[in-house]
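S.K.: The numbers in the sequence shown follow the numbering used here, run straight up by one, and end at 379.
For each residue, glycine too, the CB sits at the ideal point set by N, CA and C.
The structure displayed is predicted, hence computed values, not measured ones.
Quick one: the structure is below, questions incoming.
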Amino acid sequence: MNGIRIARYMLALIIASISVFPAITRAQSDTPRNDEGTAGEPYPNMPSIPPIGVRTGKYFDIPASAQGPAVDPAKGYRLQDFGGGLYMITNNQIQSMFLVYDRGVVVMDAPQSYAAHIRQAIAEVSDRPITHLIYSHSHADHIGGAKALGDIPTIIAHEETLRLLKQDADPNRPLPTVTFKDKYTLHVGDQVLELSYHGPGHAPGNIFICAPKERVLMVIDTVFPGWMPWRRFAVSQDVFDEFARVEDVRKMDWDTVVGGHVTRVGTHADVELQVEFYRDIKQAAATALATTKIGETLNPLDKGNPWAVFDNYIDRVAAQCVNTLTPKWSTKLAGYDVFIWDQCYSMEQTLRID
Ligand SMILES: [Zn+2]
Ligand SMILES: [Zn+2]
């Protein structure tokens, strides 16, 4: 072979190795990987709790502090007597109430999942008719069983709930017949219910329902006694306003709070714990936002992709937030591992955008 033929041969080898064995040349190289759309190396200090979208082998056990009384599976619900004619119905996933007075019954919320049992539950303690239905807010999981109760003469809700239900046009959620803006007091027989609106928080129109004689406060999708709140702070439309509603609950005078979900009712200690968790997660996410460097660990090939730059940054902020909170909170709140990633993603976004 002369020199030119050797050079041609070497060139052909190089071209062949690039075109025929691209995986080999990439694997042997220190240059940035170009495995488009595949998982990369885990971020440094990745929490052991699987991130969103990764299957969990076994979720953390539920602490005894979060357990409620058992539900008889044959009945499908349990009744909790608050005294004075006020009761909670629950299947240990969702909660509603009713109040018996001298000539009838006032029902507060009609959850889809056990609407068929509400009349049966009332019949356990009273044979009086349902005269009033109060909607805590417009969401179907809490009032989607309203139609199944039959025609109720008076349905009371906040004016925002009426607006939203008109939009939804759901035959299972009949429109309120009485609405209010700030406060509404319902006197029936010698019973009293004080309804009030404090702000949009979880959802526009979400009201507080207070039974002052029984010292019970019902505030739905806001307080989660013993539990991690539902993902993204109960998918609140305004996260910091939702935090302010928890503060409102904390300052009010009551003995029992009904939060609308999970296994049991709440105490002031539960609300204190939730306020403390909100304070901690806000601090953890703020610190992570301030100390995480944009662009670190990013594949240099993605530097021109602003969405990728932020996705990488936000992932590392959320990971740091989870790492900060886990030692203190993983055993304090049931379901911590289920939603902690969601909460950290929600909090970083709220702090960055709102
Ligand atoms: Zn809701
Ligand atoms: Zn809910």
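For Asn70, which of Thr186, Lys172, Ala344, Phe85 has the nearest alpha-carbon?
M.R.: Position 45 of the sequence shown holds residue 70. Here the closest residue by C-alpha is Ala344.
S.K.: Quick one: Cα of Tyr139 to Cα of Ile378, how far?
M.R.: Numbered from its first residue, the sequence shown carries residue 139 at position 114. Numbered from its first residue, the sequence shown carries residue 378 at position 353. Taking the straight line joining both Cα atoms gives about 39 Å.
S.K.: For a quick check, are the C-beta atoms of Phe249 and Gly224 less than 7 Å apart?
M.R.: Taking the sequence shown and counting its residues from 1, one reaches residue 249 at position 224. Taking the sequence shown and counting its residues from 1, one reaches residue 224 at position 199. No; because the gap between Cβ atoms is not below 7 Å, this pair is not in contact.
S.K.: Just to check, is the beta-carbon of His223 closer than 6 Å to a non-hydrogen atom of ligand 1?
M.R.: Taking the sequence shown and counting its residues from 1, one reaches residue 223 at position 198. Not under cutoff, so the answer is no.
S.K.: For Phe335, count the other beta carbons within 10 Å of its own beta carbon; 16 or more makes it buried, fewer makes it exposed. Which is it?
M.R.: By one-based count along the sequence shown, residue 335 stands at place 310. Result: exposed.
S.K.: On a CA-only basis, which of Asp295, Val342, Ala294 is nearest Thr316? Give me that one, please.
M.R.: What you label residue 316 is simply residue 291 of the sequence shown in a count that begins at 1. The shortest Cα separation from Thr316 among Asp295, Val342, Ala294 belongs to Val342.
S.K.: To which residues of the same chain is Tyr209 closer than 6 Å at the C-beta, ignoring the five residues directly before and after it?
M.R.: For the purposes of this step, residue 209 is identified with residue 184 of the sequence shown, where counting begins at 1. Hits under 6 Å: Leu220.
S.K.: If you count every other CB in all the chains shown that lies within 10 Å of the CB of Asn59, and 16 or more means buried, which is it?
M.R.: Within the sequence shown, the letter at position 34 stands for residue 59. Under this definition Asn59 is an exposed residue.
S.K.: From the DSSP output, which residues share a beta bridge with Arg103?
M.R.: Taking the first residue of the sequence shown as 1, we reach residue 103 at position 78. In the DSSP output, where bridge partners are listed per residue, Arg103 has Thr115.
S.K.: Check the Cβ-Cβ distances between Ala135 and every residue of chain D, and say whether any is below 7 Å.
M.R.: Among the chains in the structure shown there is no chain D, since it carries only a single protein chain.
S.K.: With respect to 6 Å, is the separation between the Cβ of Trp280 and the closest non-hydrogen atom of ligand 1 below this value?
M.R.: To locate residue 280, count along the sequence shown from 1; it is residue 255. Trp is not the amino acid found at residue 280; the sequence shown has Asp there. No; taking the cut-off as 6 Å, the Cβ of Asp280 has no heavy atom of ligand 1 nearer than that.
S.K.: Sorry if obvious, but does the Cβ on Asp207 come closer than 6 Å to a heavy atom of ligand 1?
M.R.: Here residue 207 is taken as the residue at index 182 of the sequence shown, counted from 1. No, the beta carbon of Asp207 sits no closer than 6 Å to any heavy atom of ligand 1.
S.K.: Going by Cα to Cα distance, which pick from Pro57, Thr63, Tyr222, Arg240 is closest to Ala269?
M.R.: Within the sequence shown, numbered from 1, the residue matching residue 269 stands at position 244. Cα-wise, what sits closest to Ala269 is Tyr222.
S.K.: CB-CB under 8 Å to Thr156, same chain, minus the five flanking residues each way: which ones, in chain order?
M.R.: Taking the sequence shown and counting its residues from 1, one reaches residue 156 at position 131. Correct list, in chain order: Arg128, Gly129, Val130, Val131, Ile177, Pro178, Thr179, Val213.
S.K.: Can you find a heavy atom of ligand 1 that lies under 6 Å from the Cβ of His183?
M.R.: For the purposes of this step, residue 183 is identified with residue 158 of the sequence shown, where counting begins at 1. No, the Cβ of His183 stays beyond 6 Å of every heavy atom of ligand 1.
S.K.: Sorry if obvious, but does the Cβ on Asp166 come closer than 6 Å to a heavy atom of ligand 2?
M.R.: Residue mapping note: residue 166 aligns to position 141 of the sequence shown, counting from 1. Yes - ligand 2 has a heavy atom lying nearer than 6 Å to the Cβ of Asp166.
S.K.: Can you tell me which of the three DSSP states Ala182 falls into?
M.R.: Against the sequence shown, residue 182 aligns to sequence position 157. Ala182: strand per DSSP, three-state reduction.
S.K.: For the segment 227-239 and the segment 94-102, state whether three or more C-beta atom pairs, one from each stretch, are separated by less than 8 Å.
M.R.: Remark: fewer than three beta-carbon pairs, one from each stretch, lie closer than 8 Å, so the segment 227-239 and the segment 94-102 are not flagged as touching.
S.K.: Return the chain-ordered ranges of every alpha helix (DSSP H) run that is complete within the segment 167-212 and spans a minimum of 4 residues.
M.R.: For the segment 167-212, whole alpha helix (DSSP H) runs of length 4 or above, ordered along the chain, are 184-193.
S.K.: Hey, Arg289 and Gly109: beta-carbon distance below 7 Å or not?
M.R.: Translated into the one-based positions of the sequence shown, residue 289 becomes position 264. Translated into the one-based positions of the sequence shown, residue 109 becomes position 84. Cβ atoms of Arg289 and Gly109: not closer than 7 Å.
S.K.: Grab the span of the alpha helix (DSSP H) containing Tyr126 for me, first residue to last.
M.R.: Numbered from 1 along the sequence shown, position 101 holds the residue referred to as residue 126. Counting along the chain, Tyr126 falls outside any alpha helix (DSSP H), though it belongs to the beta strand (DSSP E) covering 120-126.
S.K.: Secondary structure at Ala91, three-state DSSP: helix, strand or coil?
M.R.: Position 66 of the sequence shown, counted from the start, is the residue given in the question as residue 91. Of the three classes helix, strand and coil, the one that applies to Ala91 here is helix, per DSSP.
S.K.: For a test of the three-state rule: what should DSSP assign to Ser151, helix, strand or coil?
M.R.: On the sequence shown, position 126 is the one that residue 151 refers to. Note: Ser151 maps to coil in three-state DSSP.
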